[in-house]
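Okay, structure first, notes after.
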């Protein structure tokens with residue numbers, strides 16, 4: 018599971034540390050490094066999701082079901098979704114590289130918030146996260 022909230026610096030190349038507590042929830046690539054899938058949040062497009070293969074299937078079930086895939090409208094939704102999906106592996110230092118296109122789309126520059134949402138992580142521009150959810154409470 019992906020849980021908790023942490024703040025991270027993102028360097029000009031898009032590299033950021035990835036919380037080690039989340040490594041066991043990721044997949045493993047052929048080199049033995051933690052790996053998964055990055056994608057643009059599919060409805061509001063305001064953050065980047067980090068998922069493992071099972072999480073990808075679960076989170077995107079409504080977009081990729083075979084029954085729904087037969088309509089032209091649904092295929093257009095799939096095209097719009099998959100253009101923002103990419104596989105990743107953490108580097109030897111345990112850093113995640115966020116692709117330029119995804120960073121620019123959501124506005125991540127400098128600092129980001131990583132938020133665990135059970136089956137996925139969300140990566141937000143820190144200022145956006147603090148503005149929307151900084152004072153959020155459960156009641």
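Numbering (this note's numbering), first residue to last: 18 to 156. All C-beta atoms, glycine included, are put in the ideal place defined by N, C-alpha and C. All of these numbers come straight from a predicted model, not from anything done at the bench.
Query, Result
"Backbone secondary structure at residue 66 - three-state DSSP", "strand"
"CB of residue 31 within 9 Å of CB of residue 117, strictly", "yes"
"Cut-off 7 Å between Cβ atoms - residues of its own chain near residue 24, not counting five sequence neighbours on either side", "128, 130 and 143"
"Top-ranked residue by Cα proximity to residue 67, from 87, 35 and 146", "35"
"Cross-strand partners of residue 34 (DSSP beta bridge)", "112"
"Nearest-angstrom Cβ-Cβ length linking residue 37 and residue 133, presumed shorter than 8 Å", "Incorrect: roughly 13 Å between the Cβ atoms, too far for contact."
"Selected residue, minimal CA-CA separation from residue 171, among 78, 69, 61 and 65", "The question about residue 171 has no answer, for the chain in this structure spans 18 to 156."
"Proximity of residue 125 and residue 101 at Cβ, strictly below 9 Å", "no"
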